[in-house]
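Reading the sequence shown from the start, the letters are residues 9 to 201 in our numbering. Even for Gly, the Cβ is constructed at its ideal location relative to N, Cα and C. Worksheet: the structure to be examined is printed underneath.
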Amino acid sequence: MRDARDQDTQSFPSSDLAQQLRMVAKTIAASERLGHEQQTFFVRYIGWDHHDELLANHARMLRILSEALRAFQATLDDMGLADRVVTFTGSDFGRTLTSNGNGTDHGWGGNTLVMGNAVKGGQILGDYPELGLASDNALDVGDGVLIPTTSTDQLYADLSLWFGVQPSALNTLFPNLNRFADVAGGERLGLFT
9 MRDARDQDTQ SFPSSDLAQQ LRMVAKTIAA SERLGHEQQT FFVRYIGWDH
59 HDELLANHAR MLRILSEALR AFQATLDDMG LADRVVTFTG SDFGRTLTSN
109 GNGTDHGWGG NTLVMGNAVK GGQILGDYPE LGLASDNALD VGDGVLIPTT
159 STDQLYADLS LWFGVQPSAL NTLFPNLNRF ADVAGGERLG LFT
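Structure representation (structure tokens):
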């Protein structure tokens, strides 16, 4: 394990996303010197609105995302800081299952990635939808628009607990949380070990 201040920045790909994450890693490494016990960072990777050329664009962007996240996690591991960091993705919309001819349109359900040493990995939370346009797909409300089975409220409640929020504060922070069965009785999604 290297000293956190001795970070090798050459291990990051040249993409804008990877370079943003490189700077985040450097800032995390300096957190003690900066007097920051807990930090939150936002990085942007825009361009996911694939109305056109979905397959080619999606594959290219997922490769960039994967390489950047791999480099970030490897750097945190190498610096001995991986136990202190949880990384997750977010988006303001999902995609439909129907084609608009060359891509897809906006939908409700989407995917979020959560990674870090504290994360119970290898899980898919929520119900994986039938990937077809069959009329008997209970999650399809029409035109390939899927109803999500896990809410962002549930995800962010679990993340909030990791950040140190008291369970008694969750319904105040997330007023719709009690509408979701998995959390109504205080049961967590189980993201963390």
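Practice problem: Determine the direct distance from the alpha carbon of D144 to that of R92, and round the result to whole angstroms. | Solution: 44 angstroms
Quiz item: Going by alpha carbons, who is nearest to W56 out of L147, D161, T112?
Solution: T112
Quiz prompt | Run of the beta strand (DSSP E) containing H59, from where it starts to where it stops | solution = The continuous stretches of beta strand (DSSP E) do not include H59, and DSSP gives it neither H nor E.
Quiz item: Are the stretch 128 to 136 and the stretch 72 to 82 touching, with three or more C-beta to C-beta distances below 8 angstroms?
Solution: Inter-segment contact for the stretch 128 to 136 and the stretch 72 to 82 is absent: fewer than three beta-carbon pairs are separated by less than 8 angstroms.
Quiz item: Tell me which same chain residues have a C-beta within less than 7 angstroms of the C-beta of V153, skipping the five on either side of it?
Solution: T104, G115, W116
Quiz item: Among residues of its own chain, excluding the 5 on either side of F188, which ones have a beta-carbon nearer than 6 angstroms to its beta-carbon?
Solution: Answer for F188: S159, Q162, listed in chain order.
Quiz item: Nearest to S99 by alpha carbon, out of A79, Y53, L29, Y136?
Solution: Y53
Practice problem: Put H66 into one of helix, strand or coil per three-state DSSP. | Solution: helix
Quiz item: Would you say G118 and F101 are within 8 angstroms of each other, going by their C-beta atoms?
Solution: Yes, the pair counts as a contact, with Cβ atoms nearer than the cut-off.
Practice problem: Measure the CB-CB distance between D135 and T106 and report whether it falls below 8 angstroms. | Solution: no
Quiz item: Can we say the stretch 61 to 71 touches the stretch 33 to 44, given the rule of at least three CB pairs closer than 8 angstroms?
Solution: no
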